[in-house]
Amino acid sequence: MLTAERRQYILNILRRDKKVLSSELSTILQVSEDTIRRDLRELAESGLLQRVHGGALLVSPAIASYADRQKQAPKEKEAIARAAAKLVCPGQVVILDGGTTTLQVARHLPLDLQATVITNSPPIAVALADHPLIEVVVLGGQLYKKALVNIGAATIEALRSIRADLCMLGVCSLHPEVGISVTNLDEVHVKRAMIAGAAEVVGLVTEAKLDTAAPYVVESIHALTYLVTAPTVPDEMLAAYKALGLAIVRDESV
Numbered sequence: 050m051l052t053a054e055r056r057q058y059i060l061n062i063l064r065r066d067k068k069v070l071s072s073e074l075s076t077i078l079q080v081s082e083d084t085i086r087r088d089l090r091e092l093a094e095s096g097l098l099q100r101v102h103g104g105a106l107l108v109s110p111a112i113a114s115y116a117d118r119q120k121q122a123p124k125e126k127e128a129i130a131r132a133a134a135k136l137v138c139p140g141q142v143v144i145l146d147g148g149t150t151t152l153q154v155a156r157h158l159p160l161d162l163q164a165t166v167i168t169n170s171p172p173i174a175v176a177l178a179d180h181p182l183i184e185v186v187v188l189g190g191q192l193y194k195k196a197l198v199n200i201g202a203a204t205i206e207a208l209r210s211i212r213a214d215l216c217m218l219g220v221c222s223l224h225p226e227v228g229i230s231v232t233n234l235d236e237v238h239v240k241r242a243m244i245a246g247a248a249e250v251v252g253l254v255t256e257a258k259l260d261t262a263a264p265y266v267v268e269s270i271h272a273l274t275y276l277v278t279a280p281t282v283p284d285e286m287l288a289a290y291k292a293l294g295l296a297i298v299r300d301e302s303v
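In the numbering used here, the protein residues as written are 50 to 303.
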């Protein structure tokens with residue numbers, strides 16, 4: 050089997066099984082594990098998978114630009130936003146993390162909702178500017194242009210003085226074993242501060258981000274209180290998350 054054929058086979062197995070193990074691929078393809086590791090390394094460098102100890106996992110679509118991500122799965126994100134917005138109660142202090150799905154949550158908050166929203170996302174702040182009863186607090190910091198969020202020491206320091214009722218976390222990648230992971234190291238520290246400053250944490254996850262991994266781990270699955278996803282996600286995909294004690298929330302009205 051040619052190198053290109055072997056690597057395409059690896060990608061096909063990865064898409065089917067959501068993970069690959071170096072030892073199993075070595076046996077099936079009758080090549081050394083060194084050869085498989087080299088294949089995985091080069092596929093990872095091309096952005097086609099995420100290497101982990103002993104093998105590889107799928108990569109998240111969140112590696113795309115903010116503008117491109119706004120075009121991905123719009124109906125799915127709207128369904129997630131409808132379900133997530135119902136978790137917000139009047140009078141609460143809510144941290145809204147950046148992201149295209151959390152932006153949809155901001156747009157789905159009821160006009161009669163009185164609450165305080167704290168965000169590091171300029172697009173979310175703009176979306177809530179005309180909301181009559183929501184007080185908007187924008188966290189400062191350095192703008193990470195790819196994700197349109199503020200990050201850095203100033204952002205983290207501000208979050209340390211906040212005790213929110215709820216945190217809506219934009220999730221780049223989620224995996225039962227790896228946990229919550231992202232593509233940018235600075236975002237790790239901001240998201241950790243958001244999680245630490247909230248009584249309950251909601252992970253907003255489209256189907257394409259489930260069972261994927263990114264280079265930098267934020268926290269384990271146990272950092273989440275709720276996993277909000279679309280009603281179209283198959284139950285078998287959610288079984289491992291339910292087994293870990295996560296409350297699964299979906300908008301069943303669609």
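Glycine residues also receive a C-beta, built at the ideal position from the N, C-alpha and C atoms.
As the structure is a computational prediction, the values presented were derived from the model and not from experiment.
Exercise. Within 10 angstroms of its Cβ, does Ile-77 collect 16 or more other Cβ (buried), or is it exposed?
Worked result: As a working mapping, residue 77 is identified with position 28 in the sequence shown. Exposed.
Problem set entry | Bridge partners - Tyr-265, DSSP secondary structure assignment | Walking along the sequence shown from the start, residue 265 turns up at place 216. DSSP output for Tyr-265 lists Val-231 as bridge partner(s).
Exercise. So, using beta-carbon positions, are Ala-279 and Ala-128 closer together than 9 Å?
Worked result: For the purposes of this step, residue 279 is taken as residue 230 along the sequence shown, with counting starting at 1. For the purposes of this step, residue 128 is taken as residue 79 along the sequence shown, with counting starting at 1. Their beta carbons are under 9 Å apart, which means Ala-279 touches Ala-128 by this criterion.
Exercise. Taking the alpha-carbon positions, what's the Val-239 to Gly-189 distance?
Worked result: The residue labelled residue 239 in the question sits at position 190 within the sequence shown. The residue labelled residue 189 in the question sits at position 140 within the sequence shown. When the Cα atoms are used, Val-239 and Gly-189 turn out to be separated by approximately 12 Å.
Problem set entry | Cβ neighbours of Val-237 in the same chain (closer than 7 Å, five flanking residues each side left out) | Looking up residue 237 in the sequence shown gives position 188. The beta carbon of Val-237 sits closer than 7 Å to the beta carbons of Val-231, Tyr-265 and Val-267 from its chain, once the five residues preceding and following it are set aside; these are given in chain order.
Exercise. Which one or two residues does DSSP pair with Ser-222 in a beta bridge?
Worked result: Position 173 of the sequence shown, counted from the start, is the residue given in the question as residue 222. In DSSP, Ser-222 forms a bridge with Ser-230.
For this session: Take Tyr-290 as the anchor and find which of Arg-131, Gly-228, Leu-234 and Ala-245 has the nearest alpha-carbon.
Result: Along the sequence shown, read from residue 1 onward, the residue named residue 290 stands at position 241. Closest by C-alpha distance to Tyr-290, out of Arg-131, Gly-228, Leu-234 and Ala-245, is Gly-228.
For this session: Look at the alpha carbon of Asp-38 and the alpha carbon of Lys-124, and state the distance between them as a whole number of angstroms.
Result: A query on residue 38 cannot be resolved here, the shown segment of the chain reaching from 50 to 303 and no further.
For this session: Identify whether Leu-62 lies in helix, strand or coil by the three-state DSSP scheme.
Result: Taking the sequence shown and counting its residues from 1, one reaches residue 62 at position 13. In the sequence as presented, Leu is not what sits at residue 62; that position holds Ile. In the displayed model, Ile-62 falls within a helix according to three-state DSSP.
Exercise. Under the DSSP definition of a beta bridge, which residues are partnered with Asn-199?
Worked result: Against the sequence shown, residue 199 aligns to sequence position 150. DSSP lists Leu-192 as partners of Asn-199.
Exercise. What's the call for Asp-357, buried or exposed, on a 16-neighbour Cβ count within 10 Å?
Worked result: Since the first residue shown for the chain is 50 and the last is 303, residue 357 is missing from the structure and cannot be characterised.
Problem set entry | Coil, strand or helix - Met-79 by DSSP | On the sequence shown, residue 79 is found 30 positions in, with the first residue counted as 1. The sequence as given places Gln at residue 79; Met does not occur at that position. Shown here, Gln-79 sits in coil according to DSSP, grouped into three states, outside any helix or strand.
Exercise. DSSP beta-bridge partners for Glu-184?
Worked result: Mapped onto the sequence shown, residue 184 falls at position 135. Answer is Thr-165.
For this session: Could you say which of Ser-269, Leu-182 and Val-69 lies nearest to Leu-160 if we only look at CA atoms?
Result: Within the sequence shown, numbered from 1, the residue matching residue 160 stands at position 111. The shortest Cα separation from Leu-160 among Ser-269, Leu-182 and Val-69 belongs to Leu-182.
Problem set entry | Alpha-carbon to alpha-carbon, Arg-209 and Glu-199 | As a first step, residue 199 is located in the sequence shown; it is residue number 150 there, counting from the start. As a first step, residue 209 is located in the sequence shown; it is residue number 160 there, counting from the start. In the sequence on display, residue 199 carries Asn and not Glu. C-alpha of Asn-199 to C-alpha of Arg-209: approximately 15 Å in a straight line.
For this session: Measure the beta-carbon distance from Thr-150 to Gly-219 and round it to whole angstroms, keeping in mind my assumption that it falls under 8 Å.
Result: The residue labelled residue 150 in the question sits at position 101 within the sequence shown. The residue labelled residue 219 in the question sits at position 170 within the sequence shown. Contact holds; Cβ gap of about 6 Å.
For this session: Check whether the region 129-143 touches the region 92-111, taking contact to mean three or more Cβ pairs, one atom from each stretch, closer than 8 Å.
Result: The answer is no - the region 92-111 does not touch the region 129-143, with fewer than three Cβ pairs under 8 Å.
For this session: Determine the direct distance from the alpha carbon of Ala-248 to that of Ala-215, and round the result to whole angstroms.
Result: Along the sequence shown, one-based indexing puts residue 215 at 166. Along the sequence shown, one-based indexing puts residue 248 at 199. The residue you asked about is not Ala; residue 215 is Leu in the sequence shown. Rounded to the nearest angstrom, the two C-alpha atoms are 6 Å apart.
For this session: Given a cut-off of 9 Å, decide if Leu-98 and Leu-158 are closer than it, judged by their beta-carbon atoms.
Result: Position 109 of the sequence shown, counting from 1, holds the residue named residue 158. Position 49 of the sequence shown, counting from 1, holds the residue named residue 98. Their beta carbons are not under 9 Å apart, which means Leu-158 does not touch Leu-98 by this criterion.
Problem set entry | Element boundaries [beta strand (DSSP E), containing Ile-297] | For the purposes of this step, residue 297 is taken as residue 248 along the sequence shown, with counting starting at 1. Boundaries of the beta strand (DSSP E) around Ile-297: 296-298.
For this session: Would you list, in sequence order, the uninterrupted beta strand (DSSP E) runs of no fewer than 3 residues that lie entirely inside the region 129-164?
Result: If only complete runs of 3 or more residues are kept, the region 129-164 shows the beta strand (DSSP E) at 142-145, in order along the chain.
For this session: List the DSSP bridge partners of Met-243.
Result: As a working note, residue 243 is residue 194 in the sequence shown. Per DSSP, none; premise fails for Met-243.
Problem set entry | C-alpha gap between Asp-66 and Leu-234, whole angstroms | Here residue 66 is taken as the residue at index 17 of the sequence shown, counted from 1. Here residue 234 is taken as the residue at index 185 of the sequence shown, counted from 1. Straight-line Cα distance between these residues: approximately 28 Å.
Exercise. What does a CB cutoff of less than 6 Å around Gly-148 pick up in its chain, not counting 5 residues either side in sequence?
Worked result: Reading the sequence shown from its first residue, position 99 is the one you call residue 148. The beta carbon of Gly-148 lies closer than 6 Å to those of Gly-219 in the same chain, with the five residues before and after it left out.
For this session: Indicate the three-state DSSP secondary structure (helix, strand or coil) for Ala-113 in the structure shown.
Result: Here residue 113 corresponds to residue number 64 of the sequence shown, with the count starting at 1. Residue state, collapsed to three classes: coil.
Exercise. Is the distance from the Cβ of Arg-118 to the Cβ of Glu-91 below 9 Å?
Worked result: One-based indexing of the sequence shown puts residue 118 at position 69. One-based indexing of the sequence shown puts residue 91 at position 42. At the C-beta level, Arg-118 and Glu-91 stay beyond 9 Å of one another.
Exercise. Rounded to a whole number of angstroms, what is the C-alpha to C-alpha distance between Gln-163 and Ala-133?
Worked result: Translated into the one-based positions of the sequence shown, residue 163 becomes position 114. Translated into the one-based positions of the sequence shown, residue 133 becomes position 84. Each residue's alpha carbon lies about 16 Å from the other.
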